[in-house]
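Input: a single structure, listed below in structure tokens.
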Amino acid sequence: MKFFIDTANLAQIKEAQDLGVLDGVTTNPSLMAKEGITGDDNVMAHYKAICDLVDDNVSAEVIATDFEGMIEEGERLAAIDKKIVVKVPMIADGVKALKYFSKKGIRTNCTLVFSAGQALLAAKAGATYVSPFLGRLDDISTDGLQLIEDIRLIYDNYGFETQILSASVRHPMHIIECAKIGSDVMTGPLSAIKALLKHPLTDIGLQQFLADHAKAAATVK
Ligand code: E4P
């Protein structure tokens, strides 16, 4: 399963990249705003800075919501760097844009997906990635993981090549469950990725190993 980090924060992206397990980055307009990145030139420069930190797969979201606007903006984003994946919302013009970009060989990430039907449309339009938001479904007492399972079943039934990018991941158990279901990718915060590291028995065991080593070394002297 590929690991993407869901942030526009350069320090966090670098930390995840340095850990050696990062396969990409997802951003959205809210995450860019959180970093104080505004204005076309600054946004473009920030995407370039992210691309320079990671190996591939930097999702950059279009702001336009009409077909022509999405095409124009998506092509400009794709021109920043080969690593850019154009992120397009799941609306009718977005589906048309997915088809257009797919024909042109520009990779896409269909975002704001909350149903299996939307995921089916994204796959038929040739999206590279589809992003079901599992945490936001959980937030409204709907089973987000069940949606990931449904999409996995549908895509496998027909051999769709669109990759399931489980988004809106909030904690380490989301990551584990996505991996069990066979999600191709997950995107989540650095905290969820780092939480996978933690186990109290690892800490206790390591302390014991080091203490025994120090005791033995002291005895030899
Ligand atoms: C996906 O690409 C989105 O940026 C993201 O995962 C949304 O997550 P949130 O629901 O935690 O805002």
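Residue numbers (the working numbering): 81 to 301.
Idealized CB from N, CA, C, for every residue including glycine.
From M170 to L276, what distance separates their C-alpha atoms? In the sequence shown, counting from the first residue as 1, residue 170 sits at position 90. In the sequence shown, counting from the first residue as 1, residue 276 sits at position 196. Cα to Cα, the separation comes out at about 31 angstroms.
Roughly how many angstroms lie between the CA atoms of F83 and P252, to the nearest whole one? Translated into positions along the sequence shown, residue 83 becomes position 3. Translated into positions along the sequence shown, residue 252 becomes position 172. When rounded, the distance between both Cα atoms is 12 angstroms.
Just verifying my parser: in three-state terms, what is the DSSP assignment at K162? Along the sequence shown, one-based indexing puts residue 162 at 82. K162 falls in the coil class under three-state DSSP.
Is Q198 buried or exposed, if buried means 16 or more other CB atoms sit within 10 Å of its CB? To locate residue 198, count along the sequence shown from 1; it is residue 118. By the 10 Å Cβ count, Q198 comes out buried.
Bounding residues of the alpha helix (DSSP H) (the contiguous stretch that carries D132): Here residue 132 is taken as the residue at index 52 of the sequence shown, counted from 1. That run of the alpha helix (DSSP H) goes 120 to 133.
Among I160, I273, V168, C131, nearest to E148 - alpha-carbon criterion: Counting from 1 along the sequence shown, the entry for residue 148 is found at position 68. Closest option to E148, Cα to Cα, is V168.
Meets three-Cβ-pair contact criterion under 8 angstroms: the stretch 192 to 207 and the stretch 149 to 158: no
Nearest-angstrom Cα separation, counted from V134 out to I85: By one-based count along the sequence shown, residue 85 stands at place 5. By one-based count along the sequence shown, residue 134 stands at place 54. Roughly 11 angstroms between the two C-alpha positions.
Given a cut-off of 7 angstroms on the beta-carbon distance, is the pair E115 and A88 in contact? In the sequence shown, counting from the first residue as 1, residue 115 sits at position 35. In the sequence shown, counting from the first residue as 1, residue 88 sits at position 8. In contact: E115 and A88 (Cβ atoms closer than 7 angstroms).
My output table needs one value for P269: the three-state DSSP class, helix, strand or coil. Along the sequence shown, one-based indexing puts residue 269 at 189. DSSP places P269 in coil when its eight states are reduced to three.
Using DSSP's beta-bridge definition, name the partner residues of A23. Absent from the structure is residue 23, since the part of the chain shown begins at 81 and ends at 301.
When DSSP labels each residue in this structure, what does K167 get in the three-state scheme? For the purposes of this step, residue 167 is identified with residue 87 of the sequence shown, where counting begins at 1. DSSP places K167 in strand when its eight states are reduced to three.
Are there any heavy atoms of the ligand E4P lying less than 6 angstroms away from the beta-carbon of S211, as far as the coordinates show? To locate residue 211, count along the sequence shown from 1; it is residue 131. Checking every heavy atom of the ligand E4P against the Cβ of S211, one is found closer than 6 angstroms.
Excluding the five sequence neighbours on either side, which residues of its own chain have a C-beta within less than 6 angstroms of the C-beta of D120, listed in chain order? Position 40 of the sequence shown, counted from the start, is the residue given in the question as residue 120. Excluding sequence neighbours, D120 sits near nothing in its chain.
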